[in-house]
Structures are given as structure tokens and as C-alpha cells.
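Chains as they are written, first to last, in the numbering used here: chain A, 1 to 396; chain B, 1001 to 1288; chain C, 2001 to 2307.
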């Protein structure tokens, strides 16, 4: 990858605004909104998500836009706070008149913003994990690219069984899906002859987890399941190492980010397993995200927001008009079905312009959605940390 | 049972040790300037980042990086106080405190503007705990406790035996009288802030070593710093250290019988209990 | 645009209400209650639960919110009775933290971090979103104005005078025969009730409450509102609420001016500007935009200045 990656990263970073002036569009721009946690508890994720969304928008505009119109992306900070997120949504919907909002991260922000979206027929694409979100009465105006808890935890348990885990102990951050994911994990482990011997829920704002880890290790697990986010994962990894734990550790790829691996010595992080919903590794979409961020293992959220923007562009192109209703009615026509598989949104736009049917396969997975907005299923990518980088093990 | 009790005691002591330095810094500033300076959160963060630059970008070893943390945080604290907060002090402690909240917001975002949100680490090793009679003791935290002790002793010596220290004590005891005796309050403020926020800077780097380094590093421990300072007695040097240990140990003990997610609530409860018996904290408000 | 402004007006009104509550206990009574996010949360959750599980209509839900918040306020006052100034400020800050923790962890009651959604509001389905927002803004500001008037009356009445006396010198007030503790409790309770009312209106308007909403930043912004508006004068809190929302939303539009910055840098700039603005305001006009009118005793009126 080398210099090609870094050049692209620089390019992506410098295109902070949609290239309206440079491309010289005559037609009115299509307003698009992003609400990301640029500050606050989710601050580890928002900035790279914003960067990816901006870079892809610029690229689509550079290639001629959608229906001859440029996308005008406005990124707003929600400070990982639902009240602020609601204000941001009001501004985007009422002032910018966006056709879609992408990238909402915290479950509380998504839940707060959702009614504003479905009431105004604005399409909402989120990466939030709480299962309750797709159960809201959204009438099809929510699409979630993050696999739900049932799907993820089941697959995680299967992986652990393959690795011959027998006594698994869970340490979970207090989130809406903490309890559900543990229950599902323990259930599948039990079916496979292993057991989830216990679970402790912790407050992610704490700065030390020594006593929680002490309690966990007292039960003599051979595997620790760390249901965490990046900031608390860093502390957990350090403190489990200090406590002398040498067994298997397993977490989500969105926690085992590049930044966390670089912040700790290799000796502490080597052997950490993590997983994420996966695209085909050769997928141009995945490669594009790698390029924009300049890393080999981009975090799942950044991959998902790439898909959000792609889906918006492709759905509008399919519909022939730019509106939330149009995206709502057309997104599944370009994301799944019998059309030609395409992973590059610009190529997809060209095919649609030529009258062909397409099936978008994204950077975060195949992007096929149920009527309630969840992904149908996806493959998962399993990786292990080695020398401060994540090495891909396999996809299944 | 005894084992978990002892382990909680050890954990709490070590947690308190990490907290003691920023609490010391906070109380040093309070002793002389008589208001809670909320900007300690971002000044601790600034110290931590300064130490990071020294350690990771320049390749300096830990002790040198800690010195850099001290110097930069102390200078930043003194400068921002002189610029932004000194004009507010005549209006009363509450106004100065509110100003410090605004200052903290400004500084935290300046750090975020320059460094982004990604967690960073130092080029320093992570050590396994020592296992002593079945109790786990972290070497890094023991070092932190040692540093806190050294800082406390150094501060005590400074206050007791140097001229600078005597002027600080004079201002802490009676600012008006000290001024009438010719002591320049601005100079004393500068010294108190440099020392206090310098300590906070070292404390910040140690906290970051133990947790993670990002713009919110200091903010995450702000409430705990306050708790320690309040329990010990606002403005009291030994009180800061005592308070830090009380809060740290109290929170660890609580995990023995309460859900761990509530441990900060226990910290709050500990404060209330102590303050109902001694409304001015364990050591009252004696600075030394 | 109108809808956006209407929603901003709602939040400005909510901040104004919170500021009024803070003004009562701090501006008049000199007690720095930084636990206001906690009373805001108690009001919001009580109202939400009453509406969702007990099917209380708006007024009943709001009243229960005020009642429970007032009770918590009274309790906190009793517990912190002996604490002064900075100690009180820090301890009350801890109280707000505890409330947020309870909201996150007691899933059986509050639904934890998932929050309570679909809180019913009169007119939500019937009116268009714009209509609903305009109506809500109207209601919130009528309530805020009424509260300001009521608290203004209280401030001018003997009750207010006693509170100010306690603020100036508690010892003197006690010597004068005033039961200081009961005044403190009632002031805390009344202030908490107003904040709880704000919480109830917030829950009803937003239709959703989650622990994430009640963090320290809320407290900061309300303190900003009260300081900017003018500590002690009730109308000051109204102005302060508008100012705070104008400032935090206004900075959103800075984005176009500085194209070279990343999204994160823009966000940091926005928040930093709020801090800078407050510092400037405190420096240049520390008494706030609508300062408390100092009541000068005729005998002391040496050209209107008291040293």
C-alpha cells in the first residue's frame, strides 16, 4: 500500500468541503447531513467517520455528482448527547433540508433523532447497536448497517467454540445491548459444550477496572469477552495484562482500533481477537476506506458510513429524484436483489445511468436489509492483533 | 474474604496514589488563591500531552518527560490564570470558579483541536503485577505512590523553609495582611499556580499512563480530584493526599458489596459522610 | 428554518427555566447548587414514567415531576445543610453524577442507557411537526414567563429578603430569629421543583429521555445562562437562556468561514468559542446583562454607591 495509501489519505483529508466551486456544477446541490460524535464519549469514532463521508462525497462530486447535481454534505457534532443530536437534526432537516442523515452512532442519539426523521420523511442511516432502534415505528425510514446483537453474539460464540474456549467470562460496558449480547453469547456457548461462567457490567467512564478484573479472574476463565469501546478497552487490556492474565481475549473490531493497538506495547495487545461484519476483502469499497484513512484495518463505523453515503447516492440515482421518500422507496432496489454486483458507488452510478440494475456490496458487508432496516446477514471478519496491527485471520 | 478485603485495600491505596498528585496541585492553588480552579482538568491533560511529546516524539525517558509535564503544565496554568482569571478574582470566588470552568472548556478544546480524539500511549513498558501473598500489587502504581509522597514532602519543605514558601503561607493565612506587608499578590499567585499546576501536570501524565491519553484524560478524573480535595479539606496539603486515599479506598471497598457500576456514587457518599462530621474536611482548611 | 427556530426557542425556554431555578437558590440564597442536572433528570424521568406507565396527562405528569424533584431537593438540602460555598458546589455536582448513574444502571426503572422513548405529548400526532414545535415553544415560554413572574414576586417578598439576608450573612439571619435551615430547605425544594418542571417539559417535547442527556455540560450551560443574564434578577435567566442557545447554535454556522479545518477541528472550535465568550463576558460585564438592582437603604445612599 505504502505511498499510495498516504497520498490518498492526504487527498481525502484536504477535501474538507464538497467541491462545488471546482467542479462547476450548474444544478442545485443535494443536501445531505451527517451527525457524528466528534466530541464527547464517542469522540474516538466521529472524526474518522466524518472524514470518510467527506472524502466519498468529494469523490462522487468529482465524478459528476448524482443526477448531475453535487452532494452538499454538512457534518454536525452531536457531542455524544441526544439533546445536542436533536438540535443538529432540526438544523439539518429544517434549514439544510437534507434528504438523509447518515452516521448516527450513539444509540441514544439515534433513538432521539429517529422520530424527527420519519416524521419529516428524511432517511436515517445509523451505526448504533441497540436492538430497540429498528423496532421503533419508523415506517422504513431507518437503515442500520451494524449487525444486531443476536447476529453478532451468536457468531462470536461460534468463533470462541472453534478456538476451544471452555470457560468464558464477560466484561461489558453499560450499554443498551450489554445484557442481550451476553445472554445470546452464553446461550450459544452452552449449546456448543462450553460455558459463559459470568458477566460483569461496568461503567465505561471509570478510569480503572482492577476490582472487576479481579472478580473475573477469580473465576478462572480461559477466555475474556470484552464488550467494550476503544477507551475502556485500552484500560482493560492494560489491567488484565498487569493482573497476569494470559488466556484468550476477544472483543469487537470497533474497540480494537489502530489507535488502541498503537497506544499499548505489543506485548500487551498481541493475541487479542476481534471481529467485525465484513465485506469481501478485495472489495473496492473496503480498499477505498483503507485509502481514505490510511490504515490497513479501518474501523467498522467508518466502513459503514461509506456505505451510507453510497446507498444515498445510488438510491437517488435509481429514483431519478432527490428526496427522503425517494431514498426510502428505492434503497433496497440498489442494495440487494438480482442486479449486477458493484462495490464502487461511482461505478454504480454509471451503471444506473446506463439503465442497468445493480446490487451494492459495501465496505461493511453485503448491505442487504430487512423491511425493518436491519442487515439480513453478513459475513464476519476475524482478526488478531500482532505487533500493534490487526492481522486478518479469515472471513466466514 | 480477608483476601478480597486486603486486595480492595491495596487497590484503593494505589488508586488513591494516582489521584493524590492532581489533588495536591488543586489544593496548593486553592490554599493561596481561595477558589476551586476547574481548569485543573485540562491543565493535567496538557501536562500529560507535554510528557507524551517529550517521551514519544523526542525519545526522552520517563523522569525527563515528567519534568517536561511539570514545567509545561505549570507555565500554562500560571499564564492562563494571570490572563483570564486574575481579573475575575476581585468579584469573588464563585465568579473565578465559573471563569475557570469556561477556561477549562477552552483549553480542552484547544488540545482537541491540536491533537484530535485518538487515544495515545507512551513509549513506556507495562509491568505485570507483583503477587505478594496472593495480593496483586501494581509496580507502576507503587511508583505513583512514591512520587506523591516525594511531592508532598518537597511541597512541605518548600512551604516551611523557603522564602517563597513563607510568602505563600502568609498569603494563604491572610491575604490582605500579606499585601499590606508588601507581598506582591500577583507574584505569589504566579508561584502557587506554577507549582500547583505543575504537580497536576505530573499527575495528569501518571493518570494517562494508567488509563489513556486523549483530550478528556484530565476531565475524567475531575470529580475524583474534587472529592479528594473536599474530603481532605480544601486548601490543605496533607488533606489532599489523605483525601485521595480515603476516596480511593472507599470506592474499592464499595465494590465488595455493591455493583461496580456504582463505585463513583460511593465516592460521593464517602464525601458526604466525612463532611457531616467535619464540614471543612479531614484536615480542616489548614494549608500545611 | 421556522421549525428550527421554534425548536431552538423550546430549548432556550428550558434553559431559562433551569436558570430560574438556579437563580432562586444561588442568586437569592447564595447556595451554589450544581446538582441541577440531577433535578432536571428526576423531573424528566418522573414525567416520562408517569405518562408511559400511569397514562398521566401532561399537567399531572408535570406536577408529579415537580413534586418528586422538590422532595429530592429538600433531601439534598438537609444532607448538605452544614456545607458552605465551594464544598456545597462540589458535593452537589456529585449528586448530579449519582442521578445519572442511577438512570444508566437501574434498567428495570429507567430502561438504562436505552432510554425511554415514545413519551406521549398532547398534539404530537394531530399537529404537523412545525405546528407542534411552535405550540411547544409557546407553552414553554408561557411557563417560563410565569415562573419568572412568580419568582420575582417571591424575591421582592419577605421570603426573598430573608433568603438574601442568609446569603449575605447566615449568622446574622440566625441571630435575628430566622430558622435558617427551613429557609434553605424550602429554597432548595422550590428551586428543584422548577428544574423538575423543566425536565418534564423536556421529556414531553422530545418524546425521549436517556442518561446521556444529563451530563455536566448541561450544568455548565445553565450556569453560563444565569451568569450571562445576571445573577439574582429573574428576567436575567430568561435572557440568559436565549443567549446560551444562540451562542451554541450560532457557532454551528461558522463552518463556512474556515474551510481548511477538519470536522473535528470545527467542533472543537465551536465549543472553545463558547468558553471564550463566557470568559469575555465575565471580564467585561461580570454582573451580567441584567444585573440585580442593589437595594440601597436610604440612609446609606451616598450617591448610590456602597463600598
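All residues carry an ideal CB built from backbone N, CA and C; glycine is no exception. Everything numeric in this text was worked out from a predicted model, so none of it was measured.
- Task: Could you tell me which uninterrupted beta strand (DSSP E) segments, each at least 3 residues in length, are contained entirely in the segment 1083–1142 of chain B, listed from first to last along the chain?
- Result: Residue ranges of uninterrupted beta strand (DSSP E) with 3 or more members, entirely inside the segment 1083–1142 of chain B and ordered along the chain, are 1130–1132 and 1135–1137.
- Is residue 188 (chain A) helix, strand or coil by DSSP? Three-state result, residue 188 (chain A): helix.
- With a cut-off of 9 Å, does the C-beta of residue 230 (chain A) fall near any C-beta of chain C? No, its Cβ sits nowhere closer than 9 Å to a Cβ of chain C.
- Message: Assuming residue 110 (chain A) is part of the beta strand (DSSP E), what are its boundary residues?
- Response: Per DSSP, residue 110 (chain A) lies in no beta strand (DSSP E); the unbroken alpha helix (DSSP H) holding it starts and ends at 107–119.
- Query: Using a Cβ-Cβ cut-off of 6 Å (strictly less than) and excluding sequence neighbours within five positions of residue 22 (chain A), which residues of its own chain qualify?
  - Reply: Because residue 22 (chain A) carries a pLDDT of 47, less than 50, the predicted location of this residue cannot be relied on, and the following value inherits that uncertainty. Excluding the 5 residues flanking it on each side, residue 22 (chain A) has no same chain C-beta neighbour closer than 6 Å.
- Task: Buried or exposed for residue 1002 (chain B), please, with buried defined as at least 16 other CB atoms from any protein chain shown within 10 angstroms of its CB.
- Result: Residue 1002 (chain B) comes out exposed.
- Item | Residue-chain proximity (residue 95 (chain A), chain C), Cβ-Cβ < 9 Å | Yes, its Cβ sits closer than 9 Å to a Cβ of chain C.
- Query: At a CB-CB cut-off below 9 Å, which residues of chain C make contact with residue 51 (chain A)?
  - Reply: Residues of chain C with a Cβ closer than 9 Å to the Cβ of residue 51 (chain A) are, in chain order, 2262, 2263 and 2264.
- Message: What would DSSP say about residue 2290 (chain C), mapped onto helix, strand or coil?
- Response: Under the three-state reduction of DSSP output, residue 2290 (chain C) falls in the coil class, being neither helix nor strand.
- Along the beta strand (DSSP E) that carries residue 2097 (chain C), what are the first and last residues, could you check? No beta strand (DSSP E) holds residue 2097 (chain C); the alpha helix (DSSP H) holding it covers 2085–2105.
- Message: Please report the distance separating the alpha-carbon of residue 2130 (chain C) from that of residue 2002 (chain C).
- Response: Whole-angstrom Cα-Cα distance: 8 Å.
- Unbroken beta strand (DSSP E) run spanning residue 71 (chain A), endpoints: For residue 71 (chain A), the enclosing beta strand (DSSP E) has its first and last residue at 71–77.
- Message: Any beta carbon of chain C sitting closer than 9 Å to that of residue 377 (chain A)?
- Response: Nearest CB-CB separation between residue 377 (chain A) and chain C: not below the 9 Å threshold.
- Considering only C-alpha positions, which residue in the set C:2226, C:2091 and C:2254 is nearest to residue 2015 (chain C)? When each option's Cα is compared against that of residue 2015 (chain C), the closest is C:2226.
- Query: Nearest to residue 77 (chain A) by alpha carbon, out of A:62, A:66, A:55 and A:51?
  - Reply: Nearest option by C-alpha distance: A:51.
- Message: My output table needs one value for residue 2211 (chain C): the three-state DSSP class, helix, strand or coil.
- Response: Three-state DSSP puts residue 2211 (chain C) in a helix.
- Test item: CB-CB of residue 1248 (chain B) and residue 1228 (chain B) under 9 Å: Here residue 1248 (chain B) is near residue 1228 (chain B), since their CB atoms are less than 9 Å apart.
- Query: Taking all protein chains shown into account, do 16 or more other C-beta atoms lie within 10 angstroms of the C-beta of residue 147 (chain A), making it buried, or fewer, making it exposed?
  - Reply: Taking all protein chains in view, the Cβ of residue 147 (chain A) is crowded by 16 or more other Cβ atoms within 10 Å, so the residue is classified as buried.
- When you compare only the Cα positions, how much space is there between residue 1186 (chain B) and residue 1044 (chain B)? Cα-Cα distance, rounded: 22 Å.
- List the residues that DSSP assigns as beta-bridge partners of residue 1231 (chain B). By DSSP's assignment, residue 1231 (chain B) forms no beta bridge with any residue.
- Query: So residue 405 (chain A) is in the beta strand (DSSP E); what residue range does that whole segment cover?
  - Reply: The structure shown does not extend to residue 405 (chain A), since chain A is modelled only from 1 through 396, so no value can be given for it.
- Chain-ordered chain A contacts of residue 2204 (chain C) [CB-CB under 7 Å]: For residue 2204 (chain C), no chain A residue has a Cβ inside 7 Å of its Cβ, as the nearest lies near 13 Å away.
- Item | residue 2229 (chain C) beta carbon less than 9 Å from that of residue 2019 (chain C) | Yes. Within cutoff.
- Query: In angstroms, rounded to a whole number, what distance separates the CA positions of residue 313 (chain A) and residue 345 (chain A)?
  - Reply: C-alpha of residue 313 (chain A) to C-alpha of residue 345 (chain A): approximately 8 Å in a straight line.
- Query: Just the Cα atoms here: how many angstroms apart are residue 1126 (chain B) and residue 1117 (chain B)?
  - Reply: Going by the C-alpha atoms only, they are around 23 Å apart.
- Task: Kindly identify the DSSP beta-bridge partner or partners of residue 392 (chain A).
- Result: A:383, per the DSSP bridge assignment.
- Query: Applying the criterion that 16 or more other CB atoms from any shown protein chain within 10 Å of the CB defines a buried residue, is residue 392 (chain A) buried or exposed?
  - Reply: It is exposed - the Cβ of residue 392 (chain A) has fewer than 16 other Cβ atoms within 10 Å.
- Task: Could you name the residues of chain A that residue 1255 (chain B) contacts, counting a contact when the two beta carbons are closer than 7 Å?
- Result: Going along chain A in sequence order, the residues near residue 1255 (chain B) (Cβ under 7 Å) are 211.
- Message: On the CB-based measure, 16 or more other CB atoms within 10 Å of its CB, does residue 2184 (chain C) come out buried or exposed?
- Response: Answer is buried; the Cβ neighbour count reaches 16.
- Item | Rounded separation between residue 29 (chain A) and residue 66 (chain A) - CA only | Taking the straight line joining both Cα atoms gives about 9 Å.
- Message: Looking at the secondary structure, which residues open and close the beta strand (DSSP E) in which residue 201 (chain A) lies?
- Response: 195–202 is the span of the beta strand (DSSP E), which, as asked, contains residue 201 (chain A).
- Hey, does residue 1262 (chain B) have any beta-carbon neighbour from chain C nearer than 9 Å? By this cut-off, residue 1262 (chain B) is an interface position.
- Message: Can you tell me whether residue 382 (chain A) is buried or exposed? The criterion is at least 16 other CB atoms within 10 Å of its CB, across all chains shown.
- Response: Around the CB of residue 382 (chain A), 16 or more other CB atoms lie within 10 Å, so the residue is classed as buried.
- Message: Let me see if you follow: with CB-CB separation under 9 Å, is residue 132 (chain A) close to chain C or not?
- Response: Yes, because at least one Cβ of chain C sits closer than 9 Å to the Cβ of residue 132 (chain A).
- Query: The beta strand (DSSP E) with residue 250 (chain A) in it runs from where to where?
  - Reply: Here the beta strand (DSSP E) through residue 250 (chain A) covers 248–252.
- Query: Is it buried or exposed for residue 307 (chain A), if we count other Cβ within 10 angstroms and need 16 for buried?
  - Reply: By the neighbour-count rule (16 or more Cβ atoms within 10 Å), residue 307 (chain A) is buried.
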